[in-house]
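Asks: Pasting a structure below so you can have a look.
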Ligand SMILES: NC(=O)c1ccc[n+]([C@@H]2O[C@H](COP(=O)([O-])OP(=O)(O)OC[C@H]3O[C@@H](n4cnc5c(N)ncnc54)[C@H](OP(=O)(O)O)[C@@H]3O)[C@@H](O)[C@H]2O)c1
């Protein structure tokens, strides 16, 4: 079991350091001045010999192996669930705390699934692995937590508009390439996605389950219940990939146990750490992916009454999936662990 106590600087490993989330992790560790004594950058054998930047310095990329975690205090994993399942236990055995961005451990009862502003208390008593939730879930629970505390949410209906960076580097290249192909009247060639993503919307994220929902949709259901500690919460999700490079948007309808006016909801969400309300439709002001891209907050707007259910509200939630949806949330977890060890 790891110990972070008594240290002023930490050896941090980023697993998947060459990827979209890994790059953001390196940037955010530097931006927030996380006490990194040494950064170990791990990726596949394809990246051996490459370097990546951290604090204006070049860091060599090493191959992910079982022995790569000697001396590591904190391991930030973002290299896919298969790598997390195979290597996170070795990191823990070597004495590291693992903060895992993949879906590998999220629903294991003993693994805390944490958004620090929402359920930071769940970090206490972890067993070496802490899971970072799915990007779409993080931004939704950030906005909904204060409404749930004030008026108890019974039911959530959410439709997502998820950017291609949520799938990683190769998907961003695919949107770029296909956009060029379509504008040049050529046939778009799908490789990462099952269909053309340029100038299109794909109502499929991850594989379909037998009931017709996708795994991404089920992640939103189960993860929301676990983070809000409400196993009876009803959640119906439709997750859609859209031709946006960065920033996920969500249309959310909630049914509450007690009434809340839009003004009350805006005030509650504005008071939530990490949430910013932008809601002045008369002046054309509402959150958009282009504005959220590159920033840390979860943005909420278009708050209005949903008259189709008792105590209903409708809202629009936008955030940068690579930052609060992944790397920032992971680094915030690491910050909490370090603060608790001091
Ligand atoms: N993108 C998001 O918004 C987001 C949000 C939440 C969670 N996540 C999760 O974060 C993880 C990474 O996502 P991403 O978007 O950064 O993907 P990505 O851009 O495709 O990067 C994948 C990273 O994993 C590494 N990797 C792949 N196969 C490997 C192997 N066999 N051994 C070692 N390293 C390997 C890659 O290294 P090479 O460069 O050497 O191939 C690369 O560094 C996934 O689990 C994803 O579900 C992503």
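In the working numbering, the protein residues as written are 2 to 343.
Glycine included, every Cβ here is placed at the ideal spot set by N, Cα and C.
Keep in mind the model is a prediction, meaning the values are calculated, not measured.
1) Give the secondary structure of residue 271 by DSSP, where H, G and I count as helix, E and B as strand, and everything else as coil.
2) With the cut-off set at 8 Å, would you say residue 259 and residue 312 are in Cβ contact?
3) Mind checking which residues open and close the beta strand (DSSP E) that includes residue 204?
4) Under the three-state reduction of DSSP, which class applies to residue 58: helix, strand or coil?
5) DSSP three-state label for residue 106, please.
6) Ligand 2 and residue 332: does any heavy atom of the ligand fall closer than 7 Å to the residue's C-beta?
7) Under 8 Å by Cβ, that's how I've got residue 79 and residue 23 pegged, so tell me the actual separation to the nearest angstrom.
8) Is residue 171 near ligand 1 - that is, is its Cβ less than 7 Å away from at least one heavy atom of it?
9) Considering only heavy atoms of ligand 1, does any lie closer than 7 Å to the CB of residue 102?
10) Is it the case that the Cβ atoms of residue 253 and residue 159 are separated by a distance below 8 Å?
11) Between residue 119 and the rest of its own chain, which residues show a CB-CB distance below 8 Å, the 5 nearest in sequence each way excluded?
12) What runs of the beta strand (DSSP E), each 3 residues or longer, lie entirely inside the segment 165-252?
13) When DSSP labels each residue in this structure, what does residue 421 get in the three-state scheme?
14) Roughly how far, in whole angstroms, is the beta-carbon of residue 165 from the beta-carbon of residue 267, given that I think they are within contact range, below 8 Å?
15) Among 33, 27, 35, 100, whose alpha-carbon lies nearest the alpha-carbon of residue 58?
16) Measuring straight from C-alpha to C-alpha, what distance separates residue 171 and residue 61?
17) Output the distance between the C-alpha atoms of residue 114 and residue 98, rounded to the nearest integer angstrom.
18) Run through DSSP, which three-state label would residue 319 get?
19) With 16 other CB atoms within 10 Å as the buried threshold, where does residue 185 fall?
20) Specify, as a first and last residue, the run of the beta strand (DSSP E) that residue 276 falls within.
21) Could you name the residues that DSSP lists as bridge partners for residue 281?
22) Out of curiosity, what's the CA-to-CA distance linking residue 244 and residue 4?
23) DSSP three-state label for residue 76, please.
24) Can you give me the Cβ contacts of residue 189 inside the same chain, cut-off strictly under 6 Å, excluding the 5 residues immediately before and after it?
25) Can you name, in chain order, every residue of its own chain whose Cβ lies under 6 Å from the Cβ of residue 42, other than the five neighbours on each side?
26) Rounded to whole angstroms, what is the Cα-Cα separation between residue 226 and residue 104?
27) Give me the Cα-Cα distance between residue 203 and residue 31, rounded to the nearest whole angstrom.
28) Does the separation of the CB atoms of residue 156 and residue 251 fall below 8 Å?
Replies: According to the data block:
1) If you number the chain shown from 1, residue 271 lands on position 270. DSSP places residue 271 in helix when its eight states are reduced to three.
2) Counted from its first residue, the chain shown places residue 259 at position 258. Counted from its first residue, the chain shown places residue 312 at position 311. Closer than 8 Å, so yes.
3) Residue mapping note: residue 204 aligns to position 203 of the chain shown, counting from 1. From DSSP, residue 204 is part of no beta strand (DSSP E); its letter is neither H nor E.
4) Taking the chain shown and counting its residues from 1, one reaches residue 58 at position 57. Under the three-state reduction of DSSP output, residue 58 falls in the strand class.
5) The residue labelled residue 106 in the question sits at position 105 within the chain shown. Residue 106: coil per DSSP, three-state reduction.
6) As far as ligands go, the structure on display features ligand 1 and does not contain ligand 2.
7) The residue given as residue 79 occupies position 78 in the chain shown. The residue given as residue 23 occupies position 22 in the chain shown. Contact flag correct, Cβ pair sits at about 5 Å.
8) The residue you call residue 171 lines up with position 170 of the chain shown. Because some heavy atom of ligand 1 lies under 7 Å away, the Cβ of residue 171 counts as near it: yes.
9) By 1-based counting over the chain shown, the position of residue 102 is 101. Residue 102: yes, Cβ under 7 Å from ligand 1.
10) Walking along the chain shown from the start, residue 253 turns up at place 252. Walking along the chain shown from the start, residue 159 turns up at place 158. Cβ atoms of residue 253 and residue 159: closer than 8 Å.
11) For the purposes of this step, residue 119 is taken as the residue at position 118 of the chain shown. Hits under 8 Å: 142, 143, 146, 228, 229.
12) 235-242
13) The structure shown does not extend to residue 421, since the chain spans only 2 to 343, so no value can be given for it.
14) Walking along the chain shown from the start, residue 165 turns up at place 164. Walking along the chain shown from the start, residue 267 turns up at place 266. Contact doesn't hold; Cβ gap of about 31 Å is too wide.
15) Here the question's residue 58 lines up with position 57 in the chain shown. That would be 27, whose Cα lies nearest to the Cα of residue 58.
16) By one-based count along the chain shown, residue 171 stands at place 170. By one-based count along the chain shown, residue 61 stands at place 60. Cα to Cα, the separation comes out at about 22 Å.
17) On the chain shown, position 113 is the one that residue 114 refers to. On the chain shown, position 97 is the one that residue 98 refers to. One C-alpha to the other measures close to 14 Å.
18) By one-based count along the chain shown, residue 319 stands at place 318. Of the three classes helix, strand and coil, the one that applies to residue 319 here is strand, per DSSP.
19) Counted from its first residue, the chain shown places residue 185 at position 184. Looking at its Cβ environment, which holds fewer than 16 other Cβ atoms inside 10 Å, residue 185 is exposed.
20) One-based indexing of the chain shown puts residue 276 at position 275. Per DSSP, residue 276 belongs to the beta strand (DSSP E) from 276-278.
21) For the purposes of this step, residue 281 is taken as residue 280 along the chain shown, with counting starting at 1. Residue 281 is bridged to 286.
22) Translated into positions along the chain shown, residue 244 becomes position 243. Translated into positions along the chain shown, residue 4 becomes position 3. Roughly 44 Å separates the two Cα atoms.
23) Counting from 1 along the chain shown, the entry for residue 76 is found at position 75. Strand, per DSSP.
24) Within the chain shown, residue 189 is the residue found at index 188, counting from 1. The residues are 179, 182, 183, 197, 199.
25) By one-based count along the chain shown, residue 42 stands at place 41. Same-chain partners within the cutoff: 15, 18, 53, 60, 62.
26) Position 225 of the chain shown, counted from the start, is the residue given in the question as residue 226. Position 103 of the chain shown, counted from the start, is the residue given in the question as residue 104. Between residue 226 and residue 104, the C-alpha separation is close to 15 Å.
27) To locate residue 203, count along the chain shown from 1; it is residue 202. To locate residue 31, count along the chain shown from 1; it is residue 30. Taking the straight line from one Cα to the other gives about 35 Å.
28) Sequence index remark: in the chain shown, residue 156 carries index 155 (1-based). Sequence index remark: in the chain shown, residue 251 carries index 250 (1-based). No, the Cβ-Cβ distance between residue 156 and residue 251 is not below 8 Å.
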